[in-house]
Amino acid sequence: MVETRKVGITDTSLRDAHQSLLATRMRLVEMLPIVEVMDQVGYHSLEVWGGATFDTCMRFLDEDPWDRLRQLRKGFKNTKLQMLLRGQNIVGYRHYPDDVLVEFIKRAVINGIDIFRIFDALNDLRNMEQAIRTVKEEGAHAQGTICYTISPLHDNDYFVSFGEDLKSIGADSICIKDMAGLISPYDAYELVDRLKKEVDLPIQLHCHYTSGMASMSYLKAAEAGVDVIDTASAPLAMGTSQPATDSMVAAFQRTPYDTGLDLKLLAQVSEHFKEVSCGYEIPRNVMGVDTNVLSYQIPGGMISNLSSQLAEQKSSHLLNDVLAEVPRVRSDLGYPPLVTPSSQIVGAQSVVNVLTGERYKMISTEVKNYLRGLYGKPPGEVNPELLKKVLKEDKPITGRPADLLEPQLEQAREDIADYLEQEEDVLSYIIFPNVAVDFFKRRKGELPPLQLNSSCNNGKAVNAVAEINEQPNLVQDLHLDALFNVDETLIWIDECNKVYPAG
Ligand code: CO
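Per numbering that gives the first Met the number 0, the very first residue in the sequence shown carries number 0; after that it's consecutive.
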């Protein structure tokens, strides 16, 4: 008799899937009509908040992210809600002080989050500890995340030992986060098998379909005992998004891994998202299999970003040189996983190294700060010559970067008093000061509402592409300085390295 061990499904349609395919533009009004059906499905959880959704709500959709969460919570009476938290970066792009992080988590729990998936781009435990501790104190589930990457020092031994570290600081479960879609089916099998045996916590696998291997990796992971997999409703699946919920559920039916979910209900869910996605033009380069991921192990979005940077410098012919330089810079920096913000830091420095014809003739502020230890501890040893060149006699900080930050809450509350309508506004303001103030002004009628070129009122979605094209082109200016700005508007698509606008 084969042991039956149900595989759980976390559906990402309301967060990662539309962040990956629709530039995070799905609006609450496009979600609410399907909430009641989704709530009957019996998912392990739904990922609905965090990542880039917080920023885009205010920046592009004139929505209060906190209100979105409350309304989803009200609708989902039976289903656990999950968010993606960037550790000490919360939902932003830099480190925030502990008072802000703690308050954010408290408010997220009050407003409806059950499960926090917590990650750090460098897999630096110290950037995750405070978040994990607070989530547990608030009685929610703290999922510790392993950012999966490939490098000479990242192998399954490394990931298993990091999984043990996460357990030691209190993680309730472990997520393997394969943001670039790099994990192969047999590596997935081995890693899940070892984590289950050696770390002994529930294991969840989160893959992007980018390389075309993700559903095979899920199948092998299920055989190895994975507890939960992340999928998206079929119309919002594959490409740079997750494998399709519907297909995975069907594939596991009548096997020991049967998810128990009802395909008819899932079909209703898919029907809804099909209508929603018809209102968007999904760029071709986010669908299909990205062969660059397979050949260079460089995330697809990062390569399109490099190409556009080179095109702006009228140097497209240098792309191969830059692609060869990326692994060298990454090695010099101690092999950071290529996720935001490290992918932008490594990418921009590689372009500059090639364009100037001399490596590290110019060094970006971000690389300098990285070498100073301000992003956390690099996974491996950094190039000692480069370190000396940047820091001279100084040494990198050895402590936790957030220990250098002063508390911010009280002052911010005073600064924003005129616009405060709820306690949560202080957090929106601290994390995205300019975006939040503009949003508050529109809310108060001091600025006109955003023109959402949408016919959403009569049931059709906004056209994401039209809005993307309106964004400023940040590498327009043909000087190298422009390449050195890791601007938040370039990186708001976060961990999948989806960089809109690509051109
Ligand atoms: Co993801």
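For every residue, glycine included, the Cβ atom is placed at its ideal position computed from N, Cα and C.
The structure displayed is predicted, hence computed values, not measured ones.
{"Item": "By Cβ distance, which residues of its chain are closer than 8 Å to Arg-329, with the 5 residues on each side in sequence left out?", "Value": "Ser-150, Pro-335, Leu-337, Val-345"}
{"Item": "Please state the DSSP three-state secondary structure of Asn-456.", "Value": "Because Asn-456 carries a pLDDT of 33, less than 50, the predicted location of this residue cannot be relied on, and no value is offered for it."}
{"Item": "Alpha carbons only, please: which of Lys-391, Lys-440, Phe-272, Glu-311 is nearest the one belonging to Leu-21?", "Value": "Phe-272"}
{"Item": "Give every residue of the same chain whose Cβ lies closer than 6 Å to the Cβ of Lys-459, excluding the five residues on either side of it in the sequence, and list them in chain order.", "Value": "Model confidence at Lys-459 stands at a pLDDT of 33, short of 50, so the residue's coordinates are unreliable and nothing is read from them."}
{"Item": "Between Gln-81 and Thr-144, is the Cβ-Cβ spacing less than 8 Å?", "Value": "no"}
{"Item": "Given 8 Å as the limit, is there contact between the region 211-222 and the region 23-42, that is, 3 or more CB pairs closer than that?", "Value": "no"}
{"Item": "Going by the C-beta, is Ile-17 closer than 7 Å to any heavy atom of ligand 1?", "Value": "For the sequence presented, residue 17 should be read as His rather than Ile. Every heavy atom of ligand 1 is 7 Å or more from the Cβ of His-17, so no."}
{"Item": "Just how far apart, CA to CA, sit Arg-504 and Trp-48?", "Value": "Outside the shown range of the chain, which is 0 to 502, sits residue 504, and nothing can be said about it."}
{"Item": "Within the same chain, show all residues whose beta-carbon is closer than 8 Å to that of Ala-130, passing over the 5 residues directly before and after it, in chain order.", "Value": "Leu-84, Gly-86, Gln-87, Leu-100, Ile-104, Phe-115, Ile-117, Ala-141"}
{"Item": "Is the beta carbon of Phe-161 closer than 8 Å to that of Tyr-147?", "Value": "no"}
{"Item": "Assuming contact is defined by CB atoms lying nearer than 8 Å, are Met-30 and Ser-427 in contact in what I supplied?", "Value": "no"}
{"Item": "Taking the alpha helix (DSSP H) that Leu-68 belongs to, which residues open and close that run?", "Value": "64-74"}
{"Item": "Please name the residue in Thr-254, Gln-203, Ser-210 whose C-alpha comes closest to that of Thr-230.", "Value": "Gln-203"}
{"Item": "Does the Cβ of Met-178 lie closer than 7 Å to at least one heavy atom of ligand 1?", "Value": "yes"}
{"Item": "Applying the 10 Å Cβ sphere with the 16-neighbour rule, what's the burial state of Thr-78?", "Value": "buried"}
{"Item": "Kindly provide the ranges of any alpha helix (DSSP H) runs that are 4 or more residues long and lie completely inside the region 132-185, ordered along the chain.", "Value": "155-167"}
{"Item": "I'd like to confirm the pairing. Which residues does DSSP put opposite Gly-49 in its beta bridges?", "Value": "Leu-83"}
{"Item": "Does the Cβ of Leu-332 have 16 or more other Cβ atoms within 10 Å, making it buried, or fewer, making it exposed?", "Value": "buried"}
{"Item": "So if DSSP puts Thr-9 in a beta bridge, which residue, or which two residues, is it bridged to?", "Value": "Ser-44, Asp-229"}
{"Item": "Where does the unbroken alpha helix (DSSP H) through Leu-318 begin, and where does it stop?", "Value": "318-331"}
{"Item": "Kindly give me the distance between the Cβ atoms of Tyr-95 and Ile-396, rounded to whole angstroms, as I take these residues to be in contact under 8 Å.", "Value": "So it is not a contact: roughly 17 Å between Cβ atoms."}
{"Item": "Quick check: is any heavy atom of ligand 2 less than 7 Å from the C-beta of His-94?", "Value": "Ligands present in the displayed structure are limited to ligand 1, and ligand 2 is not among them."}
{"Item": "Per DSSP, what kind of secondary structure is Leu-449 in: helix, strand or coil?", "Value": "coil"}
{"Item": "With respect to the beta strand (DSSP E) encompassing Gln-343, which residues constitute its N-terminal and C-terminal limits?", "Value": "Here Gln-343 belongs to no beta strand (DSSP E); instead the alpha helix (DSSP H) covers 341-355."}
{"Item": "Indicate whether the contact test is met: 3 or more Cβ pairs, each with one atom in the region 345-357 and one in the region 291-308, closer than 8 Å.", "Value": "yes"}
{"Item": "Just the Cα atoms here: how many angstroms apart are Pro-234 and Pro-242?", "Value": "10 Å"}
{"Item": "Mind checking who Ile-114 pairs with in its DSSP beta bridge?", "Value": "Gln-81, His-140"}
{"Item": "Note the first and the last residue of the continuous alpha helix (DSSP H) segment covering Ile-202.", "Value": "Careful: Ile-202 lies outside any alpha helix (DSSP H), inside the beta strand (DSSP E) at 202-206."}
{"Item": "Beta carbon of Ile-173, beta carbon of Leu-165: below 8 Å?", "Value": "yes"}
{"Item": "With a threshold of 6 Å on Cβ separation, who are the neighbours of Lys-376 within its own chain once the five nearest residues in sequence on each side are excluded?", "Value": "Asp-123"}
{"Item": "To which residues of the same chain is Leu-477 closer than 8 Å at the C-beta, ignoring the five residues directly before and after it?", "Value": "Confidence at Leu-477 is low in this model, with a pLDDT of 35, below 50, so its placement is unreliable and the value that follows should be read with caution. Same-chain partners within the cutoff: Glu-311, Gln-312, Lys-313."}
{"Item": "Quick check: does the Cβ of His-207 come within less than 7 Å of any heavy atom belonging to ligand 1?", "Value": "yes"}
{"Item": "Cα-Cα, which of Ile-109, Ser-210, Glu-409 is closest to Leu-293?", "Value": "Ser-210"}
{"Item": "Spell out the partners DSSP gives Ala-243 in its beta bridges.", "Value": "Ala-231"}
{"Item": "By the three-class DSSP mapping on this structure, what secondary structure does Ala-463 have?", "Value": "Its pLDDT being 38, under 50, Ala-463 is placed unreliably by the model, and the measurement read from it follows with that caveat. It is helical."}
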